[in-house]
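If you count by the UniProt record's numbering, then the sequence shown holds residues 1 to 308, one letter each, in order.
Take a look at the structure set out below.
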Amino acid sequence: MAHLAAFNDERKVVVITGCSSGLGRSMAIEFDAQKQYRVFATARNIESLRDLPVGIQRVQLDVTDVESIKAAIKEITQSTHDRIDILINNAGVNSAVGPLVETPIENIRKTFEANFFGLISVTQAAAPYMIRHRSGVIVNIGSVAAIACMPFGGPYSASKSAVHAASDTLRLELAPFNIHVVVVAPGAIKSSISDNTRKTRSTPTPNSADEGDLGYLPADSLYKHVEDLVKFRAEFSQQGEPTPSETFAKNVRKWVAVSRPGAYLFTGKKSLGVWISYYLPTRVKDWVIGRIFQIHRIGSNAHKNKNI
């Protein structure tokens with residue numbers, strides 16, 4: 001890891017995980033553009049941070065490795081006189097797209113390791129510094145998928161639901177120390193998530209040789225006849241005109257800049273509709289989501305699947 005020189009600095013210290021691309025990168029750039037912040041961008045592969053603006057300090061941090069987390073937080077706090085003012089837990093994966101009954105358990109564990117356990121591990125390492133200073137903001141990047149759970153994205157929704165629940169607990173436990181815990185639930189934000197989630201099985205079954213094979217499900221899947229719906233789910237957030245990640249980053253920065261930030265920020269295209277859906281009766285919500293994802297085709301087209 002690069003040496004970080006220790007010096008007095010009145011700027012607020014911002015630590016962001018998962019800055020190699022997408023939301024994390026945009027947030028690092030947005031906070032750095034404001035002169036009152038000193039930004040530490042982290043990623044598992046520090047080389048991926050090479051082209052960030054020169055004012056941003058880069059630190060290697062793998063959220064699935066406790067020793068890596070401890071080393072990164074130690075490196076940061078040694079150069080900030082034990083200060084962390086804002087922690088943004090952004091790192092995460094979506095490595096388990098597909099029907100939940102067929103998703104390999106190792107893929108589900110991988111999703112939870114990065115999205116939930118990694119977030120908790122980083123928080124446990126950083127929170128003591130905030131507690132000692134009796135101030136701080138912890139921002140946990142959740143998802144609207146935790147509010148409106150959609151088919152073929154069960155592990156991701158479950159991991160983000162865990163993030164929301166843990167954040168509610170942390171907010172109560174840390175409030176006496178003047179530490180605010182915020183959940184940011186992004187809607188449709190421009191990213192490469194559909195590319196990153198394709199073919200993510202850790203032990204893939206050879207796909208069929210059919211021309212229409214999309215590469216999301218193994219050849220023996222009981223849902224092979226509706227593989228296009230799995231693809232639709234993987235690309236759902238990128239359809240239409242998703243909100244630019246730069247706009248998302250600006251909204252987050254403005255939200256946490258106030259003295260008492262709200263507990264939840266829903267931002268990005270489709271986020272308002274999802275927030276409203278939370279208050280719908282379950283039967284109505286299931287009907288709406290079922291219509292969007294054409295769930296009826298699973299049963300009506302089952303005769304086309306040779307595995308059934």
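Just so it is clear, CB atoms sit at the ideal spot from N, CA and C, and this is done for glycine as well.
Since the structure is predicted, the reported quantities are computational estimates derived from the model, not experimental observations.
- For secondary structure counted as the alpha helix (DSSP H) over 4 or more consecutive residues, the region 232 to 268 holds these complete runs in sequence order: 245 to 257.
- In this structure, Gly22 sits away from Ile16, with a CB-CB distance that is not shorter than 8 angstroms.
- The residues Gly142, Ser143, Ala145 and Ala146, in chain order, have a CB closer than 6 angstroms to that of Lys160 in the same chain once the five nearest residues on each side in sequence are set aside.
- DSSP places His180 inside the beta strand (DSSP E), whose first and last residues are Ile179 to Pro186.
- With a 10 Å radius around the Cβ and a threshold of 16 neighbouring Cβ atoms, Gly154 comes out buried.
- For the pair Glu47 and Val59, the CB atoms are not nearer than the 8 angstroms cut-off.
- Rounded to the nearest whole angstrom, the CA to CA distance from Ala188 to Val284 is 22 angstroms.
- With fewer than 16 other beta carbons inside 10 angstroms of its own, Pro128 counts as exposed.
- Taking the Cβ atoms as the reference, Glu241 lies roughly 11 angstroms from Lys270, outside the contact range of under 8 angstroms.
- The alpha carbon of Asp62 has as its nearest neighbour, out of Ala185, Pro53, Asn45 and Ala302, the alpha carbon of Asn45.
- Membership of Tyr156 in the alpha helix (DSSP H) is indicated by the continuous run Gly154 to Leu174.
- Secondary structure note for Lys12: its beta strand (DSSP E) is the uninterrupted segment Lys12 to Ile16.
- Look at Gly215 here: in three-state DSSP terms it is coil, with no helix or strand label.
- Below 8 angstroms, too few C-beta pairs join the region 28 to 35 and the region 97 to 104 to call them touching: fewer than three.
- For the options Val184, Trp287, His225 and Lys231, the alpha carbon positioned closest to that of Lys250 is the one of Val184.
- The beta strand (DSSP E) runs lying completely inside the region 21 to 102 and spanning 3 residues or more are 37 to 43, 57 to 60 and 86 to 89, given in chain order.
- Assignment of Asn140 by DSSP, reduced to helix, strand and coil, places it in the strand class.
- Fewer than three pairs of CB atoms, one per stretch, sit closer than 8 angstroms, so the region 255 to 264 makes no contact with the region 106 to 123.
- Counted as a single uninterrupted DSSP element, the stretch harbouring Pro104 is not any alpha helix (DSSP H), since DSSP gives it neither H nor E.
- When C-alpha distances from Phe177 are compared across Asp85, Arg134, Arg50 and Ala263, the shortest belongs to Arg134.
- Under the 10 Å beta carbon count, Leu280 is surrounded by fewer than 16 other beta carbons and is classified as exposed.
- With respect to the 8 angstroms criterion, Ile69 and Val122 are classified as neighbours on the basis of their beta carbons.
- Note: Ile189 is bridge-paired with Thr243 in the DSSP secondary-structure output.
- Of the other Cβ atoms in all chains shown, fewer than 16 fall within 10 Å of the Cβ of His296; this residue is therefore exposed.
- Per DSSP, the unbroken alpha helix (DSSP H) holding Pro128 starts and ends at Gly118 to His133.
- DSSP places Leu272 in the uninterrupted alpha helix (DSSP H) bounded by Ser271 to Ser277.
- In this structure Phe293 is in contact with Phe232, their Cβ atoms being roughly 7 angstroms apart against a cut-off of 8 angstroms.
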